[in-house]
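Engineer: Top to bottom, those sequences are chains A and B.
For the first sequence, the working numbering begins at 1 and goes up steadily by one.
For the second sequence, the working numbering begins at 1001 and goes up steadily by one.
Built from N, CA and C at the ideal position, the CB exists for glycine as well.
This is the structure, below, for whatever I ask next.
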Amino acid sequence: MSILVYAEHDNAQLKTETHKLVTAALQLGEKVHILVAGHQCGAVARQAASVEGVSEVFVADNEAYAYQLAENIGALVVSLADNYSHVVAAATTTGKNFMPRVAALLDVAQISDVIAIESADTFIRPIYAGNAIATVQSQDSIKVMTVRVSAFDAAAEGNDAPLVELDTVIENQQVTFEHAEMTKSERPELTAANIVISGGRGMQDGENFSMLESIADKLGAAVGASRAAVDAGFVPNDMQVGQTGKIVAPQLYIAVGISGAIQHLAGMKDAKVIVAINKDPEAPIFQVADYGLVADLFIALPELDSALT
Amino acid sequence: MKVLVPVKRVIDYNVKVRVKSDQTGVDLTNAKMAMNPFCEIAVEEAVRLKEQGIASEVIVVSIGPKACQEQMRNAMALGADRGIHIECNEFPESLQVAKLLAKVVEQESPGLVIIGKQAIDSDNNQTGQMLAALTDMPQGTFASKVNVAGQSVQVTREIDGGLQTLTLSLPAVVTTDLRLNEPRFAKLPDIMKAKRKPLAVMTTEELGVDITSRISTLKVTPPPVRAAGVMVENVAELLTKLRNEAKVIS
């Protein structure tokens, strides 16, 4: 059985999601190939070849793949899929975007958001915002799946797998990339951070998030938010942790002014240690917190900030 | 231009689900059901396009048991013009749903399909993308802004790390993210009016789509329960615990 792993990257760097996908893929079979599709992504391909356990890296380097457009990437992956028992991508906005196209074009079902692998055809995935865990078995000949990377450890580097250049160019004329506005931040990415500090509706406005940012910088943490804070317009949606945002599993998660709605808990309850700071002692967040502090965040946060160096 | 909006009946997002003791699934007996929140956003966006004179007709589609008509009537109360109910006993998987929707697209030739990015029960996030692939339409997923201009639509997408804007030629598929809009509440007269709007019912056989499942659910279990935590008195105690007990900060 051969497994095709779709590399997550930004054309300059391979993201650690890919290393985690390789760990998942090695639980499915021994022969793991990586596909790097992008533009001027040679450095990414070389890094992919260094991931332990990978036996071959395919590189499709063309302008058509620069922005990971689903129409082009989906068709490219389909053109390779026949040689594989499994096609695996991360459950990121990239993987979620093109993988269902791959499944549909191959006429197979997709298994989304796999958190554990029982066997080559049996997988575990959360449903109902993580309030139920389903064990599912696929009857399809090719298993197309997205993986919740926070559930797997990253494979190490140190390998030197061969690179194979692909000259397949698929450029769908129905879609044109216009522009991207990426958030610039010196802080770690939410899904990769060891520590995450998030604010909810209790933060009252977007400016107050600077209190979280200051603490985050002292802890080397990423800053997140609940859906309520996003809906209220305090912060952009890419900071959202929850069922409909990002799923994180850091060593430490600090929830500030977050009540703990089901949909938020779905995004963070796999954190190793959870801290909740909320002035309402009845807030459901305290039921999942390892350490709870009932306090006014406008007093507690400055205290926390000055106590950290 | 017609706009097609598929909607799904799901458990209300405020309801805490319980897993059945025989591990066959989730207990939905007497549970409050509602329109999937992302579908509500899709209906709202379509209705706004109609109010702007861009859409000529908003058609709502739902697939599943007869009770789905309740959510279809809700969509009509919000402003959808008519409905197509594809009746079947179960809720089919995403691929089968996409195939059924592809048949409806073939019959109705909409200029735009607006569909929720994911349903909050199965949490798959697949149907819109699958439909786009099957009908050879371009896709704008996780949309936070939709701007129809002439024969194309500009879609701003919420992606990891920021926003991406694409132009898609019409017809196209757009899947909705949270911040696309804030759905309105239905007014009583509109709820009454919705009851008289046309609602066609068809079967999966009529559409010639086999909805046999490709995935079997072996079991459904509750998530692992976290051990009970402790309450701390103040910030100093919290930091001491985090440093010395949990050892997660230095």
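Which residue spans inside the segment 61-131 of chain A form an unbroken beta strand (DSSP E) run of at least 3?
Structural biologist: Correct list: 86-90, 110-114, 116-119 and 122-127.
Engineer: Reducing DSSP to helix, strand and coil, say where residue 1125 of chain B ends up.
Structural biologist: Taking the second sequence and counting its residues from 1, the one referred to as residue 1125 of chain B is at position 125. DSSP places residue 1125 of chain B in coil when its eight states are reduced to three.
Engineer: Pair every Cβ in the segment 32-52 of chain A with every Cβ in the segment 159-167 of chain A, then say whether three or more of these pairs are closer than 8 Å.
Structural biologist: Judged by Cβ distances under 8 Å, the segment 32-52 of chain A makes contact with the segment 159-167 of chain A, as three or more pairs qualify.
Engineer: Quick one: is residue 79 of chain A buried, meaning 16 or more other Cβ sit within 10 Å of its Cβ, or exposed?
Structural biologist: Position 79 of the first sequence, counted from the start, is the residue given in the question as residue 79 of chain A. When all chains shown are included, residue 79 of chain A counts as exposed.
Engineer: Under 8 Å, with one C-beta from each stretch per pair, do the segment 1154-1167 of chain B and the segment 172-179 of chain A reach the 3-pair mark?
Structural biologist: The segment 1154-1167 of chain B, when compared against the segment 172-179 of chain A, does touch it at the 8 Å Cβ threshold.
Engineer: Whole-angstrom Cβ separation of residue 310 of chain A and residue 300 of chain A, contact assumed at under 8 Å?
Structural biologist: Since the first residue shown for chain A is 1 and the last is 309, residue 310 of chain A is missing from the structure and cannot be characterised.
Engineer: Jot down the residue ranges of each uninterrupted alpha helix (DSSP H) in the segment 1044-1112 of chain B, minimum 4 residues, whole runs only, in chain order.
Structural biologist: Taking only runs of at least 4 residues, the alpha helix (DSSP H) segments lying wholly in the segment 1044-1112 of chain B are 1068-1078 and 1094-1108.
Engineer: Taking the beta carbon of residue 1016 of chain B as the centre, do at least 16 other beta carbons fall within 10 Å, making it buried, or is it exposed?
Structural biologist: By one-based count along the second sequence, residue 1016 of chain B stands at place 16. With fewer than 16 other Cβ atoms within 10 Å, it is exposed.
Engineer: Considering only residues of the same chain and omitting the five flanking positions on each side of residue 1248 of chain B, which have a CB-CB separation below 8 Å?
Structural biologist: Reading the second sequence from its first residue, position 248 is the one you call residue 1248 of chain B. Excluding residues within five positions, the ones whose Cβ falls inside 8 Å are 1242.
Engineer: With distance defined between alpha-carbon atoms, name the residue in A:291, A:100, A:50 and A:53 nearest to residue 71 of chain A.
Structural biologist: Here residue 71 of chain A refers to the residue found at position 71 of the first sequence. Ranking A:291, A:100, A:50 and A:53 by Cα distance to residue 71 of chain A puts A:100 first.
Engineer: Got a sec: which bits of the segment 280-295 of chain A sit with their beta carbon under 9 Å from any beta carbon on chain B, in order along the chain?
Structural biologist: Hits within the stretch, in order: 281, 286, 287, 288, 289, 290, 291, 292, 293, 294 and 295.
Engineer: Against chain B, with Cβ distances strictly below 8 Å, would residue 100 of chain A count as a contact?
Structural biologist: Taking the first sequence and counting its residues from 1, the one referred to as residue 100 of chain A is at position 100. Residue 100 of chain A counts as touching chain B.
Engineer: What would DSSP say about residue 1037 of chain B, mapped onto helix, strand or coil?
Structural biologist: Along the second sequence, read from residue 1 onward, the residue named residue 1037 of chain B stands at position 37. Note: residue 1037 of chain B maps to helix in three-state DSSP.
Engineer: Along the chain, where does the alpha helix (DSSP H) containing residue 19 of chain A start, and where does it finish?
Structural biologist: For this step, residue 19 of chain A is matched to residue 19 along the first sequence. Taken as a continuous stretch (DSSP letters only), the alpha helix (DSSP H) holding residue 19 of chain A covers 16-26.
Engineer: How would you label residue 1198 of chain B, buried or exposed, when you count the other beta carbons within 10 angstroms and need 16 or more for buried?
Structural biologist: Translated into positions along the second sequence, residue 1198 of chain B becomes position 198. Result: exposed.
Engineer: With a threshold of 6 Å on Cβ separation, who are the neighbours of residue 1010 of chain B within its own chain once the five nearest residues in sequence on each side are excluded?
Structural biologist: For this step, residue 1010 of chain B is matched to residue 10 along the second sequence. Cβ within range, chain order: 1036, 1119, 1120 and 1121.
Engineer: Report yes if the C-beta distance between residue 221 of chain A and residue 258 of chain A is below 8 Å; otherwise report no.
Structural biologist: The residue labelled residue 221 of chain A in the question sits at position 221 within the first sequence. The residue labelled residue 258 of chain A in the question sits at position 258 within the first sequence. Against a cut-off of 8 Å, the Cβ pair of residue 258 of chain A and residue 221 of chain A comes out as no contact.
Engineer: Please list, in chain order, the chain B residues whose beta carbon lies closer than 9 Å to that of residue 231 of chain A.
Structural biologist: For the purposes of this step, residue 231 of chain A is identified with residue 231 of the first sequence, where counting begins at 1. Correct list: 1178, 1179 and 1182.
Engineer: Measuring straight from C-alpha to C-alpha, what distance separates residue 127 of chain A and residue 1039 of chain B?
Structural biologist: The residue labelled residue 127 of chain A in the question sits at position 127 within the first sequence. The residue labelled residue 1039 of chain B in the question sits at position 39 within the second sequence. Taking the straight line joining both Cα atoms gives about 18 Å.
Engineer: Evaluate the contact criterion for the segment 127-137 of chain A versus the segment 90-108 of chain A: three or more CB pairs, one atom per stretch, below 8 Å.
Structural biologist: Contact between the segment 127-137 of chain A and the segment 90-108 of chain A is absent, because fewer than three Cβ pairs lie under 8 Å.
Engineer: Is there a C-beta anywhere in chain B that falls below 8 Å from the one on residue 227 of chain A?
Structural biologist: The residue you call residue 227 of chain A lines up with position 227 of the first sequence. Interface residue, yes.
Engineer: Please decide whether residue 84 of chain A counts as near chain B, where near means a Cβ-Cβ distance under 8 Å.
Structural biologist: Translated into the one-based positions of the first sequence, residue 84 of chain A becomes position 84. No, residue 84 of chain A lies away from the interface with chain B (no Cβ there is under 8 Å from its Cβ).
Engineer: Does residue 1241 of chain B get closer than 8 Å to chain A when you measure Cβ to Cβ?
Structural biologist: Along the second sequence, read from residue 1 onward, the residue named residue 1241 of chain B stands at position 241. At least one chain A Cβ lies under 8 Å of residue 1241 of chain B.
Engineer: How about residue 241 of chain A: is its C-beta nearer than 8 Å to some C-beta of chain B?
Structural biologist: The residue labelled residue 241 of chain A in the question sits at position 241 within the first sequence. No - not a single Cβ of chain B is within 8 Å of the one on residue 241 of chain A.
Engineer: Does the count of Cβ pairs from the segment 1087-1100 of chain B and the segment 1209-1221 of chain B closer than 8 Å reach three?
Structural biologist: Yes, the segment 1087-1100 of chain B is in contact with the segment 1209-1221 of chain B.
Engineer: If I measure Cβ to Cβ from residue 383 of chain A and keep anything under 6 Å in the same chain, skipping five residues before and after, which residues do I get?
Structural biologist: Since the displayed chain A opens at 1 and closes at 309, residue 383 of chain A lies outside it and no answer follows.
Engineer: What are the start and end residues of the alpha helix (DSSP H) that includes residue 181 of chain A?
Structural biologist: Position 181 of the first sequence holds residue 181 of chain A. From DSSP, residue 181 of chain A is part of no alpha helix (DSSP H) but of the beta strand (DSSP E) over 175-182.
Engineer: In the DSSP assignment, the alpha helix (DSSP H) including residue 1163 of chain B goes from what residue to what residue?
Structural biologist: Your numbering for residue 1163 of chain B matches position 163 in the second sequence. Careful: residue 1163 of chain B lies outside any alpha helix (DSSP H), inside the beta strand (DSSP E) at 1162-1169.
Engineer: Would you mind sorting residue 307 of chain A into buried or exposed? The rule is 16 or more other CB atoms within 10 Å of its CB.
Structural biologist: Taking the first residue of the first sequence as position 1, residue 307 of chain A is located at position 307. Residue 307 of chain A should be labelled exposed.
Engineer: Could you compute how far the alpha carbon of residue 1047 of chain B sits from the alpha carbon of residue 1189 of chain B?
Structural biologist: By 1-based counting over the second sequence, the position of residue 1047 of chain B is 47. By 1-based counting over the second sequence, the position of residue 1189 of chain B is 189. Straight-line Cα distance between these residues: approximately 17 Å.
Engineer: I'd like the span of the alpha helix (DSSP H) that includes residue 1023 of chain B, first residue to last.
Structural biologist: Start at 1 with the first residue of the second sequence, and residue 1023 of chain B comes out as number 23. No alpha helix (DSSP H) holds residue 1023 of chain B; DSSP gives it neither H nor E.
Engineer: Counting only Cβ-Cβ distances shorter than 9 Å, please list the residues of the segment 13-24 of chain A near chain B, keeping chain order.
Structural biologist: Going along the segment 13-24 of chain A in chain order, one finds no residue with a Cβ nearer than 9 Å to chain B.
Engineer: Assuming residue 1132 of chain B contacts residue 1173 of chain B (C-beta within less than 8 Å), just tell me the rounded distance between them.
Structural biologist: The residue given as residue 1132 of chain B occupies position 132 in the second sequence. The residue given as residue 1173 of chain B occupies position 173 in the second sequence. At roughly 4 Å, the Cβ-Cβ gap stays under 8 Å, so residue 1132 of chain B and residue 1173 of chain B are in contact.
Engineer: Residue 152 of chain A and residue 20 of chain A - do their beta-carbons sit closer together than 8 Å?
Structural biologist: Numbered from 1 along the first sequence, position 20 holds the residue referred to as residue 20 of chain A. Numbered from 1 along the first sequence, position 152 holds the residue referred to as residue 152 of chain A. Yes, these two residues count as a Cβ contact at 8 Å.
Engineer: If you draw a straight line from the C-alpha of residue 1245 of chain B to the C-alpha of residue 1233 of chain B, how long is it?
Structural biologist: As a working mapping, residue 1245 of chain B is identified with position 245 in the second sequence. As a working mapping, residue 1233 of chain B is identified with position 233 in the second sequence. Cα to Cα, residue 1245 of chain B sits roughly 16 Å from residue 1233 of chain B.
Engineer: If contact means a Cβ-Cβ distance below 7 Å, which residues of the segment 146-172 of chain A contact chain B?
Structural biologist: Taking 7 Å as the Cβ-Cβ cut-off against chain B, the residues of the segment 146-172 of chain A that qualify are 172.
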